[in-house]
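Chemist: Numbering (mature numbering (1 follows the signal peptide of the UniProt record, and there is no 0)), first residue to last: -29 to -1, 1 to 336.
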Amino acid sequence: MAYSKGNPSYASCALTILLLIFLASPSFAMNVIDKCWRTNPNWRRNRQQLGRCSVGFAGKMTNNIGRGVTHYRVTDPSDDPLNPRYGTLRYGTSKIRGKVWITFQRNMHIKLQKSLLVGSFTTIEGRGVNVHIAGGGCFLLQGVHDVIIHGLRFHQCRAQTPGLVLGPGSKIVNLGPVDGDAIRMVSSWKIWIDHNTLSQCQDGLIDVTRGSTDITISNNWFRDHNKVMLLGHDDGFTQDRNMRRMPRVRFGYAHVANNLYNGWGVYAIGGSMNPSIKSEANLFIAPKGKKEVTWRQDGLGRSQSWNWSSVRDRFINGASFRQTGRRVASPRYNRDQSFPVANVGAVRSLTSSSGALRCTTRSIC
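1) CA-CA distance, residue 266 and residue 183?
2) Could you have a look at residue 67 and say whether DSSP puts it in helix, strand or coil?
3) In terms of residue numbering, what span does the alpha helix (DSSP H) encompassing residue 321 cover?
4) Grab the span of the alpha helix (DSSP H) containing residue 261 for me, first residue to last.
5) What separation, rounded to the nearest whole angstrom, lies between the Cα atoms of residue 154 and residue 255?
6) Who does residue 88 pair with in a DSSP beta bridge?
7) Is there a C-beta anywhere in chain D that falls below 7 Å from the one on residue 285?
8) Determine whether the beta carbon atoms of residue 163 and residue 29 lie at a separation below 7 Å.
9) So what does DSSP say about residue 29, is it helix, strand or coil?
10) Give every residue of the same chain whose Cβ lies closer than 6 Å to the Cβ of residue 286, excluding the five residues on either side of it in the sequence, and list them in chain order.
11) Residues bridged to residue 308 by DSSP?
12) If I'm right that residue 18 touches residue 33 with Cβ under 8 Å, what's the distance once you round it to whole angstroms?
13) Would you mind sorting residue 80 into buried or exposed? The rule is 16 or more other CB atoms within 10 Å of its CB.
14) By the three-class DSSP mapping on this structure, what secondary structure does residue 5 have?
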C-alpha cells in the first residue's frame, strides 16, 4: 500500500490483509520489492540494499542508507522508558543521533513499557531472527520522516496512559494517552512498512493520521483482528483529504492492487466522505454471510455518485463489489514509485510469503 498527500490522486502496492497461508520460500513468485533483495545470498552483508527496494509513494529510501549510518544491534530485550540501557531497542531509537540502522542479535520478545517513539532516518529491521513486539506499548511515529520498519511481529499491543518517555535525540517527551495500535503514524511522511506480521492489538493494527503522507505499506500480513487499518483521523480533519490506498478510506483516492482478502467481518474495503477507490487485480474470497466487498458510510445519501470501480478482480464464494460513479483513473507514479500490477492469477503466489519472513542469517530469505 502507498499513498501521497502531494499527488492528488494516486497510489498502489502489494498489501496482504486478513488470513492467508504463510509460506516463506524464494521458490514462489516474488513481487518487485522482494526480487530486489531476497534472491541475493549476501543480503545479510549488504542490509542497506533494502533501502533501494521500496516502491509506491514512499519512493526509494535512499536517505536511510549510505554515509553516516550508525549500525546498532539490539542485544537486550528489556525496556526502560526514561533510562534505556545500551543494547535495548529504546536506546537505539533515542540515544543515537542521525541515521541509525537497527538490527537484532537473536530471537527476542520485547515488551515495551511505554510507546516507542521512532525518529527520522531510522530503520528497524528483524531479518534473520524472530522478533516480537508484544504485550505492552508499540510504535509511534510522530512528525518524523524517512523511516523503515521491516520484518517484525506485532501483537497484543496495549493502550498506554500518559507519562514521560525518552524520545529521539534524548529528549524527554510528556506523552499523552496512546491507543493500542501496533504502528501509529501522526503527521509523518516518507515511511515504509514492509514484511511485518500484525495481529490482536487493543485498537487498530496500523493508523495513519493527521496529514501523514508518502507512505508505502507492503507485504504485510494482517490477521486475527477486527480493525485492521485506518487512514484518516476523522471526517472533519481536511488535511487527510489526499490520503491514498486503504481498506478504510476517509476522503482521498485509493488504489488497491494485488491483495488477497481471505474473508472479512463487515467489509473488505470501506470509505466515507466521498473517496475514490480503484480495486485492481485483487482476489476476494467471501466468508459465510458477508458477501459484499465494499461498505460506505454516507449520512447524506450521496454514495451512489462516489467513484468506486473494480478492474481485473476475481471473486470467489459469492463475493461481490458494488461499483458506483465514474470509472476511476489509474495511478500515475514517477520512476521510483512505479511497479507492475500483476494478473490476479498470481496473487496467491505473490502473497504467500507476506508478513515477517522465516529466514535465518545463514539462508536466502
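Idealized CB from N, CA, C, for every residue including glycine. Every value quoted in this text rests on a predicted model; they were computed, and no experiment measured them.
Modeler: If we stick to the structure as given:
1) Residue 266 and residue 183: Cα-Cα distance of roughly 24 Å.
2) Correct three-state label for residue 67: coil.
3) 318 to 321 is the extent of the alpha helix (DSSP H) around residue 321.
4) Careful: residue 261 lies outside any alpha helix (DSSP H) and carries neither H nor E.
5) C-alpha separation (whole angstroms): 26 Å.
6) In the DSSP secondary-structure assignment, residue 88 is bridged to 111.
7) Absent from the structure is chain D; it holds one protein chain and no more.
8) The Cβ atoms of residue 163 and residue 29 sit closer than 7 Å to each other.
9) Helix at residue 29.
10) Counting only residues of its own chain and dropping the five nearest sequence neighbours on each side, residue 286 has a CB closer than 6 Å to the CB of 255.
11) Under DSSP, residue 308 forms no beta bridge with any residue.
12) Rounded to the nearest angstrom, the Cβ distance from residue 18 to residue 33 is 14 Å, too far for a contact under 8 Å.
13) Residue 80 comes out exposed.
14) Helix at residue 5.
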